[in-house]
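So for the sequence shown, the numbering used here puts the first residue at 3; every next one is plus one.
Idealized CB from N, CA, C, for every residue including glycine.
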Amino acid sequence: SVVLLEALMEEGLSRVTKGGNAMGVRTGMEMARDAAIEELRAMAKPVSGKNDVKQVAAISAESDELGGIIAETVEKVGKNGVVTVEESQGMELSHEVVEGLQIDKGYVSAYMVTNPERVEAEAKDAAILITDKKIGGVQEILPFLEKIIQSGKKELVLIADDVEGEALSTFIVNRLRGTFSVLAI
3 SVVLLEALME EGLSRVTKGG NAMGVRTGME MARDAAIEEL RAMAKPVSGK NDVKQVAAIS
63 AESDELGGII AETVEKVGKN GVVTVEESQG MELSHEVVEG LQIDKGYVSA YMVTNPERVE
123 AEAKDAAILI TDKKIGGVQE ILPFLEKIIQ SGKKELVLIA DDVEGEALST FIVNRLRGTF
183 SVLAI
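Shown next, in the form of structure tokens:
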């Protein structure tokens, strides 16, 4: 696709520098793009079954063994699952299926640890709030906290861009008092 794009750009620029209409070149490129997409969609065949996945993966990875592992993994996670491929330091091939959700960040404060022996923070039957915002004050999520407390739940898992300041202090104090536990990630 990069080679194709480079050829299109060179040809388009060449036409414009020779006096061609830039908007005409752009319109032509857009029409060609749309036609190519339509043709590719018409040619596309859906992958159905483990064998098809294995063939596509083996060709892409240039390895029958890796293609088999990818096909097996895709079969385990299902069509709505996510497969992530990472480079290994060793020579062996391996795979791991993670049930549920995996988050690559940890708790924001050591005060949130519930299992000191394993240095883990666990929550059971907790409400969950996921946001891409930074939480600095309790007022920002107070309506949500009130609804959780009214529902009878005593724990919240808060996954946010960051939790700091007054909000973090309040969560820690409430956890230490045993009134309400927030596990902020």
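Among the options, which residue has its Cα nearest to the Cα of residue i?
{"i": "His97", "options": "Lys155, Glu67, Arg120", "result": "Glu67"}
{"i": "Gly100", "options": "Lys52, Val76, Ala44, Glu166", "result": "As written in the sequence, residue 100 is Val, which differs from the Gly given in the question. The residue with the shortest Cα to Cα distance from Val100 is Val76."}
{"i": "Ser3", "options": "Arg35, Gln57, Gln104, Ala128", "result": "Arg35"}
{"i": "Lys81", "options": "Ala186, Pro48, Leu15, Gly69", "result": "Pro48"}
{"i": "Gly102", "options": "Leu144, Glu89, Val79", "result": "Val79"}
{"i": "Ser183", "options": "Pro145, Tyr113, Met93, Gly83", "result": "Tyr113"}
{"i": "Ser50", "options": "Thr86, Glu32, Ala73, Arg120", "result": "Ala73"}
{"i": "Gly108", "options": "Leu42, Met11, Val159, Val140", "result": "Val159"}
So what's residue i in DSSP terms, helix, strand or just coil?
{"i": "Lys135", "result": "coil"}
{"i": "Leu10", "result": "helix"}
{"i": "Ser153", "result": "helix"}
{"i": "Ile130", "result": "strand"}
{"i": "Ile72", "result": "helix"}
{"i": "Ile174", "result": "helix"}
{"i": "Val140", "result": "helix"}
{"i": "Val165", "result": "strand"}
{"i": "Val184", "result": "strand"}
{"i": "Asn82", "result": "coil"}
{"i": "Val4", "result": "helix"}
{"i": "Glu122", "result": "strand"}
Could you check how far apart the C-beta atoms of residue i and residue j are, in whole angstroms? I think they sit under 8 angstroms.
{"i": "Ile130", "j": "Leu95", "result": "Between Leu95 and Ile130 the Cβ distance is about 35 angstroms, and since that is not below 8 angstroms, they are no contact."}
{"i": "Ile150", "j": "Ser111", "result": "At roughly 20 angstroms, the Cβ-Cβ gap does not stay under 8 angstroms, so Ile150 and Ser111 are not in contact."}
{"i": "Gly138", "j": "Ala169", "result": "6 angstroms"}
{"i": "Arg43", "j": "Val27", "result": "Incorrect: roughly 25 angstroms between the Cβ atoms, too far for contact."}
{"i": "Thr181", "j": "Val140", "result": "Not a contact, Cβ separation roughly 13 angstroms."}
Can you tell me whether residue i is buried or exposed? The criterion is at least 16 other CB atoms within 10 Å of its CB, across all chains shown.
{"i": "Ser62", "result": "exposed"}
{"i": "Ile39", "result": "exposed"}
{"i": "Arg179", "result": "exposed"}
{"i": "Ile143", "result": "buried"}
{"i": "Arg177", "result": "buried"}
{"i": "Leu7", "result": "exposed"}
{"i": "Leu15", "result": "exposed"}
{"i": "Ala37", "result": "exposed"}
{"i": "Ala46", "result": "exposed"}
Tell whether a beta-carbon distance below 8 angstroms holds between residue i and residue j.
{"i": "Ala123", "j": "Thr133", "result": "no"}
{"i": "Lys136", "j": "Asp164", "result": "yes"}
{"i": "Glu157", "j": "Ala128", "result": "yes"}
{"i": "Met25", "j": "Leu10", "result": "no"}
{"i": "Lys52", "j": "Gly69", "result": "no"}
So, is the C-beta of residue i closer than 8 angstroms to a C-beta in chain D?
{"i": "Gly80", "result": "The structure shown contains no chain D; it holds only a single protein chain."}
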